[in-house]
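Peer 1: Below are the C-alpha cells for one structure; questions will follow.
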Amino acid sequence: MPLHDRYPILIVGGGGAFGARLAELLARAPGIDLVLAGRRLAPLDMHAAALFATTGRPVRAVALDARGATADDIARLGVRTVINASGPFQTGSYDLAKAAIGAGCHYIDLADARAFVTGFSELDAAARAAGVLAVSGASSVPGLSSAVVAHYAGTFASVDEIDIAISPGNAFDPGVATVSSVLGGVGQPIHVLDGGAWKTVYGWQGLRRGSFGRAGRRWLGYVDVPDLELLPEQIHTARTVRFQAGLEVSFFHLGLWAASWLVRSGVVRSLAPLAPGLLAVKRRLSRLGTDRGGMVVALRGIGHDGAPKELTWLLEALNGHGPYVPALTSAALARRLASGAETRTGAFACQAIVPLAAILAEGKHLDILSAAQEKALPSRFT
1 MPLHDRYPIL
11 IVGGGGAFGA
21 RLAELLARAP
31 GIDLVLAGRR
41 LAPLDMHAAA
51 LFATTGRPVR
61 AVALDARGAT
71 ADDIARLGVR
81 TVINASGPFQ
91 TGSYDLAKAA
101 IGAGCHYIDL
111 ADARAFVTGF
121 SELDAAARAA
131 GVLAVSGASS
141 VPGLSSAVVA
151 HYAGTFASVD
161 EIDIAISPGN
171 AFDPGVATVS
181 SVLGGVGQPI
191 HVLDGGAWKT
201 VYGWQGLRRG
211 SFGRAGRRWL
221 GYVDVPDLEL
231 LPEQIHTART
241 VRFQAGLEVS
251 FFHLGLWAAS
261 WLVRSGVVRS
271 LAPLAPGLLA
281 VKRRLSRLGT
291 DRGGMVVALR
301 GIGHDGAPKE
311 LTWLLEALNG
321 HGPYVPALTS
331 AALARRLASG
341 AETRTGAFAC
351 QAIVPLAAIL
361 AEGKHLDILS
371 AAQEKALPSR
381 FT
C-alpha cells in the first residue's frame, strides 16, 4: 500500500516506556494514522495530545486491555496493523496476536522473552490463512541484534562466536513490568551454546566488564533472550552464542549478582516480587548514573582470507535516547508494511526480518550512533 493512502496502526501499550517512543517514531511517518490503546485512557489522551502538538497530526486514544481484546474489538477500530508494546511477555499469551490475525490485521510485538518469541511460529498456519504477517521480537533482541549479525556475517567465511551485550543508562525510567521481568530472570538457569555444546548458566552471573564507547565500561551478567536459541539456527557455524546485560551503576549490578546466588541456591524463589520497591529506590538514585546507553554485537571467526578476525559493532545512545532503541525495529517493520515493501505472510520470530539500514534509519534524527570495527585475532583463536 503506498504511503499516500492512509494506513491506520494500533499501538497497544502506546503510553508505556517503549510504546510511547514507538508512537513518536511512527507519528512522523507520512500516511500513517495512529491509534493508541491501553487500560487507562487518561495518560493516552495526554500522549495523543502531545503528539498532535509536535506533529500536527491527530492521534486517537482508546481504552483496550491487551489481555482481553477480541478480534471484533480490533476490527471495530479499522486498523491494518496491531503493535503490542504492552508486556510483560515472560508471562504473556498469544491472545492479542490471535485477535489481530482474526481481525485480518498484521501483528508486531516488542517481546524479548525467549519462550514467547521462539514459540510464536505456532500461529503460522492461522496467519497464512488470514493472509497477514505476524512477527514477534521486533525489538533490540532479537530484531536488531539478528539484523546486525545478518548484515556482517557475510564478511566472514565462518562465524564461530557471537557475543552480544546491552547496558542502558541509569537515567532511564522503566516501568514495573520491565523491572519485574528483569528481576524474574536473576539466578534462573539459562540454556546456552558454549564451545559447540549446550550448557547451563545462571541469570546475572558470569560477571565480567564490557566497554560501551562513550557510555563507558560496565559490569555484565547473563540474561535469557531469544537470540540464544535463534542465532545458532541463523548462523550454523556458530559454536558459542552469548548474551549479557549490565546496569550502569556498579552497586545495583553487583547487588543483583549477589542476589542471584540466593535464587540459584533455592534460598529465594524469585526476585520479581521486589520490583515495585527496587524501582522506587532506583528512581530516588537516578542521579547516580547518566543518560548514556549502549549495545555491542561482536562476531569472531575466520575471514575470507583464511585468517581469524573479530568484528565489533557498537551502538551508542546518548542524551537519553537509549529507550528509543527497542522501538526502532518495530517502527521500521510497520513502515515497510504500510509502504508495501514487506509482503510476506505467516507468523515467526523477528530474526533477520528487517534490514539493518532500515532499522537505523528510524533513529537518524536521534542521538543514536553506530559503527563497526574489525581487528585480526591471534592464530590460537582457531
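55 is the number that UniProt numbering gives to position 55 of the sequence shown; each next residue is one higher, with no gaps. All C-beta atoms in this analysis are idealised placements derived from N, C-alpha and C, irrespective of residue type, glycine included. Just so we're clear, the structure is a prediction, and the values are computed from it rather than from any experiment.
(1) Exposed or buried, residue 401, counting other C-beta atoms within 10 Å across all chains shown (16 or more means buried)?
(2) So the beta strand (DSSP E) Asp163 belongs to, where does it begin and stop?
(3) What whole-angstrom Cβ distance do Ser245 and Ala165 have, given they're in contact under 8 angstroms?
(4) Classify Gly16 as buried or exposed, calling it buried when 16 or more other Cβ atoms lie within 10 Å of its own Cβ.
(5) Strictly by DSSP, which residues pair up with Val62?
(6) Measuring alpha carbon to alpha carbon, tell me which residue in Gly143, Ala238 and Pro326 is nearest residue 452.
(7) If you measure between the beta carbons of Ser181 and Pro273, is that distance less than 8 angstroms?
(8) Using CA coordinates, which residue listed in Cys105, Gly119 and Pro142 is at the minimum distance from Val132?
(9) In or out: Ser93 buried (at least 16 other Cβ within 10 Å) or exposed?
(10) Under 8 angstroms by Cβ, that's how I've got Leu314 and Val296 pegged, so tell me the actual separation to the nearest angstrom.
(11) Relative to the C-alpha of Val223, which residue among Ala99, Gly203, Val148 and Pro43 is closest?
(12) Given Ile368, which residues of its chain have a CB within under 6 angstroms of its CB, disregarding the five upstream and five downstream residues?
(13) Which value, in whole angstroms, describes the spacing of the CA atoms of Ala361 and Leu220?
(14) Return the bridge partner residues of Ser211 from the DSSP annotation.
(15) In three-state terms, what does DSSP make of Phe243?
(16) Give me the Cα-Cα distance between Gly13 and Leu22, rounded to the nearest whole angstrom.
(17) Enumerated in chain order, which unbroken segments of the alpha helix (DSSP H) with a length of 4 residues or greater are wholly contained in the region 259-315?
(18) Where Pro323 and Ala147 are concerned, what is the direct C-alpha to C-alpha distance, given to the nearest angstrom?
(19) Assign Lys309 to buried or exposed, taking buried as 16 or more other Cβ atoms, counted over all protein chains shown, within 10 Å of its Cβ.
(20) Return the chain-ordered list of same chain residues with a C-beta closer than 7 angstroms to the C-beta of Ser250, the five sequence neighbours on each side being excluded.
(21) For Gln234, report the span of its alpha helix (DSSP H) as first-last.
(22) On the CB-based measure, 16 or more other CB atoms within 10 Å of its CB, does Ala61 come out buried or exposed?
(23) Based on the DSSP output, what are the partners of Glu374 in its beta bridges?
(24) Can you look up Thr70 in the DSSP assignment and give me helix, strand or coil?
Peer 2: Quick answer:
(1) There is simply no residue 401 to check, as the chain begins at 1 and stops at 382 in what is shown.
(2) Here residue 163 refers to the residue found at position 163 when the sequence shown is read from its first residue. That run of the beta strand (DSSP E) goes Phe156 to Ser167.
(3) Your numbering for residue 245 matches position 245 in the sequence shown. Your numbering for residue 165 matches position 165 in the sequence shown. Per the sequence presented here, residue 245 reads as Ala, with Ser not at that position. Taking 8 angstroms as the upper bound for CB-CB distance, Ala245 and Ala165 are in contact here, some 7 angstroms apart.
(4) For this step, residue 16 is matched to residue 16 along the sequence shown. Result: buried.
(5) Taking the sequence shown and counting its residues from 1, one reaches residue 62 at position 62. Residue pairing by DSSP puts Val62 in a beta bridge opposite Ala37.
(6) Residue 452 is absent from the structure shown; the chain starts at 1 and stops at 382.
(7) Sequence index remark: in the sequence shown, residue 181 carries index 181 (1-based). Sequence index remark: in the sequence shown, residue 273 carries index 273 (1-based). 8 angstroms or more divides the Cβ of Ser181 from the Cβ of Pro273.
(8) Position 132 of the sequence shown holds residue 132. The residue among Cys105, Gly119 and Pro142 with its C-alpha nearest the C-alpha of Val132 is Cys105.
(9) The residue you call residue 93 lines up with position 93 of the sequence shown. It counts as exposed.
(10) As a first step, residue 314 is located in the sequence shown; it is residue number 314 there, counting from the start. As a first step, residue 296 is located in the sequence shown; it is residue number 296 there, counting from the start. Right, the Cβ-Cβ distance comes to about 6 angstroms (below 8 angstroms), so this counts as a contact.
(11) Within the sequence shown, numbered from 1, the residue matching residue 223 stands at position 223. The residue from Ala99, Gly203, Val148 and Pro43 with its alpha-carbon nearest to that of Val223 is Gly203.
(12) In the sequence shown, counting from the first residue as 1, residue 368 sits at position 368. Excluding residues within five positions, the ones whose Cβ falls inside 6 angstroms are Ala317 and His321.
(13) Along the sequence shown, read from residue 1 onward, the residue named residue 361 stands at position 361. Along the sequence shown, read from residue 1 onward, the residue named residue 220 stands at position 220. Rounded to whole angstroms, Ala361 to Leu220 spans 28 angstroms at the Cα level.
(14) In the sequence shown, residue 211 corresponds to position 211, counting from 1. Per the DSSP secondary-structure output, Ser211 pairs in a beta bridge with Arg217.
(15) Numbered from 1 along the sequence shown, position 243 holds the residue referred to as residue 243. Correct three-state label for Phe243: strand.
(16) In the sequence shown, counting from the first residue as 1, residue 13 sits at position 13. In the sequence shown, counting from the first residue as 1, residue 22 sits at position 22. Just so you know, the alpha carbons of Gly13 and Leu22 end up roughly 10 angstroms apart.
(17) Entirely contained in the region 259-315, the alpha helix (DSSP H) runs reaching 4 residues are, in chain order, 275-284.
(18) Taking the first residue of the sequence shown as 1, we reach residue 323 at position 323. Taking the first residue of the sequence shown as 1, we reach residue 147 at position 147. Their backbone Cα atoms lie some 19 angstroms apart in a straight line.
(19) Along the sequence shown, read from residue 1 onward, the residue named residue 309 stands at position 309. Its Cβ being crowded by 16 or more others within 10 Å, Lys309 is buried.
(20) Here residue 250 is taken as the residue at index 250 of the sequence shown, counted from 1. Answer for Ser250: Trp219, listed in chain order.
(21) For the purposes of this step, residue 234 is identified with residue 234 of the sequence shown, where counting begins at 1. Asp227 to Gln234 is the extent of the alpha helix (DSSP H) around Gln234.
(22) Translated into positions along the sequence shown, residue 61 becomes position 61. Classification for Ala61: buried.
(23) Taking the first residue of the sequence shown as position 1, residue 374 is located at position 374. Under DSSP, Glu374 shares a beta bridge with Leu311.
(24) Position 70 of the sequence shown holds residue 70. It is coil, neither helix nor strand.
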